[in-house]
Each structure stands twice: as structure tokens, then as C-alpha cells.
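Protein chains: 2
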Amino acid sequence: MCGTDAPVAGPVSNGSHPVQGTPSSSPYQNVNDFISNVNRFKIIESTLREGEQFANAFFDTATKVRMQRKSSVRPNHLPIPTFRLVTLRRPRFGTACDPSDEFGVDYIELTSPVSSPQSFEDCKTICGLGLKAKILTHVRCNMEDAKKAVECGVDGVDLVIGTSSFLREYSHGKSIQMIEKIALEVIEYVKSQGVEVRFSSEDSFRSDLVDLLTLYKAVDNAGVNRVGVADTVGGATPRMVYDLIRTLRGVVGCDIETHFHDDTGCAVANAHSALEAGATHIDTSVLGIGERNGITPLGALMARMVVTAPQYVTKKYNLKVLKEVEELVASAVQVNIPFNNPITGFCAFTHKAGIHAKAILANPSTYEIIDPALFGLTRYISINSRITGWNAIRARCDQLGLTMTDDQVKEVTAKIKQMADIRPLAIDDTDSIIHSYHMGLQKNVEQKA
Amino acid sequence: MCGTDAPVAGPVSNGSHPVQGTPSSSPYQNVNDFISNVNRFKIIESTLREGEQFANAFFDTATKVRMQRKSSVRPNHLPIPTFRLVTLRRPRFGTACDPSDEFGVDYIELTSPVSSPQSFEDCKTICGLGLKAKILTHVRCNMEDAKKAVECGVDGVDLVIGTSSFLREYSHGKSIQMIEKIALEVIEYVKSQGVEVRFSSEDSFRSDLVDLLTLYKAVDNAGVNRVGVADTVGGATPRMVYDLIRTLRGVVGCDIETHFHDDTGCAVANAHSALEAGATHIDTSVLGIGERNGITPLGALMARMVVTAPQYVTKKYNLKVLKEVEELVASAVQVNIPFNNPITGFCAFTHKAGIHAKAILANPSTYEIIDPALFGLTRYISINSRITGWNAIRARCDQLGLTMTDDQVKEVTAKIKQMADIRPLAIDDTDSIIHSYHMGLQKNVEQKA
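Residue numbers (our numbering), protein chains in the order written: chain D, 1 to 449; chain G, 1001 to 1449.
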């Protein structure tokens, strides 16, 4: 594989055309209708709550603090003084602190302080860090949990209760009327403490629509900051999401937060669809870690949104630290970054087929919707396979400083393909074939002279 | 972690409610409008074409044959005789052949025979295997490539040409008029040979809509079997897909094939959206391998479609071999199955949070949209963390045959959470805490007696 110096593809400067270089005659690109929030969404980063529900997750305090710093502090915010790290229970991670080295999410959501004594302490510790991101904690919708949450000093309390018939029957056993009564009491309490409050149903897409809208309308009237819609089982499709959020947008005046599990591979698209329909906040976790196979991954959502709303995303988030944040979390929960991860998968910007390589060499926008440089990454053109083409080999010859005619390049390309049919080639092998062919040409010239 | 004997969640028997257990009062579930093909789609499995464009892919003939057998032969088809495997160039893989052990895709797509001499030979070999799945090869839209394809004995030729202004300028340099002229000649030739033919644009979502529709209408009139829409750069959203396919559905009478790259994490949702809008065929590859981070993965699409159309999917495809097919391909291209892979990710059916575990124990449908048994897999309830709950611990106590009161279970749960605050616990650790607590209880009883 070889790097290229070809000009990089950049997102278009005008946010109204989500896909770069879209001809104006294509009517299916512009999703900027009046209700869409694709250009002004907020991220609720839940690696330290949803992510703690991931099978492999065990986050000690120092890990929590370290992860959260990476994803929460916006550029130009005062750096978190080092002592804030070293006063923690297990300061085994480094203490270097570069304020430009932070991602910049809007909210951080933490595990309920009721879960365990350490969860309570961690919640207090993190609230005391003076982060620019607001700190939320996610608790069951009851007074005891809400009081414990407020006690931690959080900026907001995320209340949740199951509303589907499944959860009402097999989980908490409460009727919709009882849910509403409890919710209104808890909301009144949290608001009285000057703390933000969100009310979310659980398993919203399998809940009765009239029940849902009734509840949301009641809590909206009670003054919640956000209502939450959750695809807890990961079964929703973008169209179902659009329809539900669009309806809800007409019923409540408050913000709408959405939470999508990825069991059927739609968590990123569902988040996008929710924003198009008027949702305001998206829950994410780094690499998507969470219950089962997780939720909308922060990185994949950035891949999506940087294409849809390049100006907003590049201005607001520090995309260049994404890879480092992902590596930190992958290491903490002992998983590999998936080979096919958007942006940071090892081959996300590798081009291999001959016709792709030829066009990428002429203009990267031909086969790249995202400029890897936005994320501090580079592209590669793979030339070591039977599906390579002579334009890619020509570029490699130029890099190696070897002068050949087009016919000669085509001839050496045929030799490379022949060899690649027999066994996998490394770049060294390919270069050797090229050098050896070139030497043969020179010998011929010398013999003739 | 411990297996449970709780009854498993099954997809609903009525295909008209895509999400199982949906109350009839929820209006956003039913996508069975007249144009939708979610209940009758076909799969074009392109691991041996698109997948060969994956950075790590080097498939020798035996690997190709082996992969393809797994994904193409439908149950009840005659087994491929063993000699068909051993006559191949590199019969280093096993030759056992159980006809019930095949996935059952509709089409297999192979790398162009023009790519290299071995690609040509492989194409001929695979066409000679007598597979139930139809064999396609994917070639540039020109007469030379088409002739070579037909020569291999394929069932169908997939023609492709770039139609976006990017590709017309930087790749082949042809005008739309010229593309149409060439396409019609090649299509006429392929049809005259009694071979299926598809015409696809490349980078369809960045192509001029009028150009696209003009071309598709012309090739439809010329009698192609399918037109293809390709999101070659992976930038489309489900809404863009729905709108374009819905429009195209009104313009052409032939089948509509779709191909989605996953650069922005929407490849599965886009495929679903395309079917809702009237597309008939979806391109997949095993684990999604392909150029850059790949295309719609076969497994994730199955996760999506088994929820949307359970009857169709479970009847048509042998879902229980999915894991084996994925492991075969992962091994061939030297990647790990992503930790967050739908269905086969290591924790796709692991439940951890206390409230989830409690409900899952009562009824798996509460937090599972897919029954793992459909894929020959099982669920796990993780109890070794601070976010576990006493209902999950109660279930474990029952499994261990230890009798305790609710208060006692709650007390030992508190001890487990306390320990899990300090360090990661294995199931042995948790069991030890439970056993030790239970022994303490017994001693107290004995002392009192």
C-alpha cells in the first residue's frame, strides 16, 4: 500500500447539500426542511452509563474520568488541572492534559448512583471536575433514585421507565396512570432543585402510541427539559423513527432525546432519521458499547453527520481525537476496534479495485464521501492484488521514480496480476516485480546502444 | 454468566407486524404497503466480488468454492459431489458436504473474469459446480468484458458504469449519450446469448436524476432483467434511498437491485429502506467485506429482515449456518468478527443491567427483538457487575440450588455489588460470594438449633 499526494476530498462548504459534490438537479439530497435538526443536534455521550452495561465493561474511577475528559471538554475551555486526576481513587492513568485534545460532546451520562456505593462516589467525583459538558445521571423514575441523583450534584437527571406492555407486565408492573402520577411528582421535585430533568419511556416503539403521547404531553406540561424516545430492543427502522418523532414533535414543545440500540444494524440511520424528524439530542457511546451489541456509536454517527452537516460537525467537534478516544475505550473494555468501523476501521480509506484506484488518483471525491484528513487520517491505494489496474501501478512507478511508457506499465501490471493470482502479495513483492521489469527494460536499451 | 432456561422470544407468526409483540394501536410498525418488497426480497451475495475488493482479501479457488457453497445451496438441493471440490486447483479445505448446512442465497456474484487469468478460470469453475444459486459476474459495461463473461458460462452478467459527474470526468470520460449507446449494444448481445443482464449505474446518488432515469428507462425498454442503484461512496441516507427507489419504481418495469456501502453506517438501513420503496434485490457480502469498510453485511441484513419479515426469512434462509459462514470468511481474510456484530457479536445476546436481567428472566421478549435460537445461539445473563440486580442473583441462586429469602438474596446482591466496585468479577467469584453467604446462613441456623 502506498500513500498518495492526490488532493483530498473536502465536504462542501454549503451545509444544505449533505453529500459533497451533489449536482443541483438531484432532488433527493436536501433534507433541510424546517423541522430537521441535522444542522443543530446535541450529543449525550453515554459510554459511562450505557457503556457500563456492555458485557466487558468494568470502569474504575480513573478510567471514567479519563474517558470523559476526552469526550467532553470543548476546545478553548480551561484545561482540567492535573490534580483533579491525581486526587482520584486510582490515578494509574497518565495525567497530561492538553485542552485542544478533547472531543467536545454536549452531555455526559453516568450510571445511576443507586447502582452501587462506588457508582455514587464516581458520580460525585465527576460532577466536581468542572467539565464544560453537562453531567447527567440515568435513574429509574422514582423519588428515592431522583434524590440520590440530585445529591451527587449532577446538572440533569434522566428519568426512565418502561412503557411497553412487555415491561409493564414483566418488569415494574405499573399502569400508565400510575407511571404518570409518579413521573409528575419526581419531575416536580427535580425541577424544584434547579436541576435539568428528562423523562423517557423505555421500549418506546413497542408502547401504545396513545399511552406514549399522553404521558409525554403530561410531562411536557410539567416542564421537563426533554422527553426521551428509546428503541430499547433495537428493532426500529428509520421510517418508524421518522413517523414517531414527527408525530411527537407536534405534541410536545420540549427537546426530544433519542436512544437507539443496534441489534438490527440501524442505530446510526435511526439517529439520523430522528434528527430529520425534529429530535434534538442523540445518545451515543464510544464504539457503541452497551447492553447486548450496543447503541449508536459516536464515531459512526460522526461519519454520518459530517456528510450530512459538514459545517456544523467540523466546527463543533474535535474530530481528530476520535481515533484516540476509541482506542482508549477499546482498551478499557478489551475489544478490538471492528475491522469495518466507519472512519477508524483499518481499511476505511483503503482503495483496491483498479477502476477505483484510477479515479481516486485523479480526484479522491470520486470514491470518498468523507475526507480522511478531517479525522487526522490518510488514504491508501492498495496495488497488490489481481484486481489492481494499470493507472494505480503507473502512480506507484512514478513514486518509485521509474520512467515507463503506458504500454510498459500495462505489461508490468499484467505480471503483477499474474503473480497475485498465485499468492498474496506485499508491497515489497509488487515493488520487486516493478523494479525487476524496469531493469529488464534498461538492459534491453543498453544492449541496443 | 449463566444460561437461562427462560422461554425464548420468537418472532410473531404474522408477517404484517414487523416488530414482535407490537400492540395493534401503534400505527408506525406496519410497512406492508403495496409497493414494499420486505416480504419477498432476493439476496445477491457478493463476497466473491465486492469482498475481493476488501483490503485483506486473497481468495484462492478452493476458498471461493467453499465460501460459496455455504451461502448458495438451498436446503433439499442435491449435495455438491465431493469430486467437484477435489478437482479444484487447491483442494486444501475439507470435502465433507452436508446439504442441510447451506445458507441459501439467491445469487452469487463473482469478480470480473477480465481481472486476471485466474479470475477467468475461477469463474468457469464455479459456473460448473451446478449450484442452485444463479452465478453472476460483475463487469465494466463494454462488449469485450461482456463477451468474456458470457464465455464463462454465467447465468447473468452485471454491467456497471459510472454515471456521476465525478466518475464521468475522472474515470471513463464518457457522456451520458455515449453510455446509453454502449449499454444498449452490450445488453442486446448478452440477451442474445440467453443470459440474464443487469445494468447498474455507479455512484447513483451523486448522479443527475434526469440522466439516471433516462438511462434506466432506455435499458428497461431494451429488456434488462434488473437495473442497479449503487451508493458507491456510502453517503446515502434511508430517506434519500426511499425517494430515489420510489421514483425509479414508477419509471421501470424490471427488477431493481441495490448496493450500499457502509462508510456512514447506514448500509443495512438503506437496504431496508430500498425494499420498502420497491427494490427487489439486495447486494450483500459476508461480514460486509468490500472496498473501504465494505457494504451491507449478510448477517446484519438478516438481523434486520428477520424482525421485519420473520416468516419469509426463516422459511427461505438457513439462519443457523450464519455464524459458521462468518467465521469461515473472517478466517479467510484474517479479521475478527466485530465485537458488536449483530447476531454473532460475542455479547449480542448478553444481558447485564439489573432491570434488564429481571425482565428477561420473566420474558425474553422484553429486551430481545430477535430470538437467538433462530440462529442456533443462546442468551446469557451477566450477573458479575455492580449494575446487576437481585432478581438476576435470585435466578443464579436457584440454578445453584441454594434456598434463600428475598431479603437474603438482596443482602448477598449488595455484597456482590460491593466487590464488583473494587475489581472485575468472573462468574466463579460471584458464585463464591453466593456460596459463602449461604454457608454463613446455614451456620447461623445450626448454631440456633
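Just so you know, even glycine gets a beta-carbon here, dropped at the ideal spot from N, CA and C.
Using CA coordinates, which residue listed in the options is at the minimum distance from residue i?
i, options, result
"ARG1246/G", "ALA1218/G, THR1280/G and VAL1268/G", "THR1280/G"
"GLU1202/G", "THR403/D, ALA359/D and PRO372/D", "ALA359/D"
"PRO342/D", "HIS138/D, ILE370/D, ARG40/D and LEU328/D", "ILE370/D"
"GLY1294/G", "ASN1391/G, ASP1263/G and GLY1440/G", "ASP1263/G"
"THR1378/G", "THR1350/G, ARG1396/G and ASN1363/G", "THR1350/G"
"SER1164/G", "VAL1229/G, ALA1300/G, ILE1044/G and ASN1363/G", "VAL1229/G"
"GLY1130/G", "SER1116/G, GLU1144/G, SER1119/G and TYR1107/G", "TYR1107/G"
"PHE1346/G", "HIS356/D, GLN334/D and LYS352/D", "GLN334/D"
"VAL1195/G", "GLY1153/G, VAL1233/G and ALA1277/G", "GLY1153/G"
"ASN1444/G", "ILE1381/G, GLN1408/G, ARG1239/G and ALA1057/G", "GLN1408/G"
"LEU1374/G", "LYS1323/G, LEU1287/G, PHE1166/G and ASP1211/G", "LYS1323/G"
"VAL1325/G", "SER1112/G, PHE1103/G, LYS1124/G and ARG1049/G", "PHE1103/G"
"PHE54/D", "MET178/D, GLU291/D and VAL186/D", "GLU291/D"
"ILE1340/G", "ASP431/D, VAL286/D and SER119/D", "Going by the sequence as given, residue 1340/G is Asn instead of Ile. Checking every option, the nearest Cα to that of ASN1340/G belongs to VAL286/D."
Within 10 angstroms of the Cβ of residue i, are there 16 or more other Cβ atoms? Answer buried if so, exposed if not.
i, result
"LEU1400/G", "exposed"
"ILE135/D", "buried"
"VAL139/D", "buried"
"ALA449/D", "exposed"
"ILE126/D", "buried"
"ALA1149/G", "buried"
"LYS64/D", "buried"
"PRO1238/G", "buried"
"PRO117/D", "exposed"
"ASP1033/G", "exposed"
"ILE1422/G", "exposed"
"LEU88/D", "Residue confidence is low: LEU88/D scores 27 on pLDDT, short of 50, so the model does not pin down where it sits. Its coordinate-derived value is still stated next. When all chains shown are included, LEU88/D counts as buried."
"LYS1352/G", "buried"
"MET1302/G", "buried"
Return no unless some Cβ of chain D is closer than 8 Å to the Cβ of residue i.
i, result
"SER1382/G", "yes"
"LYS1417/G", "yes"
"LYS1352/G", "yes"
"THR1430/G", "no"
"LYS1358/G", "yes"
"ASN1039/G", "no"
"THR1237/G", "yes"
"ALA1230/G", "no"
"GLU1446/G", "no"
"THR1221/G", "The question names Thr, yet the displayed sequence has Asn at residue 1221/G. ASN1221/G does not count as touching chain D."
"ASP1158/G", "no"
"HIS1438/G", "no"
"ILE1434/G", "no"
"ILE1427/G", "no"
Assuming residue i contacts residue j under a Cβ cut-off of 8 Å, what Cβ separation, rounded to an integer in Å, is found between them?
i, j, result
"TYR189/D", "ALA146/D", "6 Å"
"HIS261/D", "ASP231/D", "6 Å"
"VAL1038/G", "THR1308/G", "5 Å"
"GLY389/D", "THR413/D", "7 Å"
"ASP1122/G", "THR1061/G", "5 Å"
"ILE1035/G", "GLY1278/G", "5 Å"
"ILE452/D", "THR284/D", "Residue 452/D lies beyond the stretch modelled for chain D, which goes from 1 to 449, so this question has no answer here."
"ASP158/D", "ARG198/D", "5 Å"
Flag residue i as yes if its beta-carbon sits less than 8 Å from any beta-carbon of chain G, otherwise no.
i, result
"GLU144/D", "no"
"TYR170/D", "yes"
"THR47/D", "no"
"GLN53/D", "yes"
"PHE349/D", "yes"
"TYR367/D", "yes"
"ILE387/D", "yes"
"PRO372/D", "no"
"THR403/D", "no"
"PRO113/D", "no"
"PHE58/D", "yes"
"SER331/D", "no"
"CYS123/D", "no"
Three CB pairs or more closer than 8 Å across the stretch 252-270 of chain D and the stretch 1404-1420 of chain G = As far as the Cβ criterion goes, the stretch 252-270 of chain D does not touch the stretch 1404-1420 of chain G, which means the pair count is below three.
Taking one C-beta from the stretch 1381-1393 of chain G and one from the stretch 1415-1424 of chain G each time, how about it: are there three or more such pairs within less than 8 Å?
-> Because the criterion of three Cβ pairs below 8 Å is met, the stretch 1381-1393 of chain G and the stretch 1415-1424 of chain G touch.
Are the stretch 1389-1396 of chain G and the stretch 251-259 of chain D touching by the rule of at least three beta carbon pairs closer than 8 Å?
-> No, the stretch 1389-1396 of chain G is not in contact with the stretch 251-259 of chain D.
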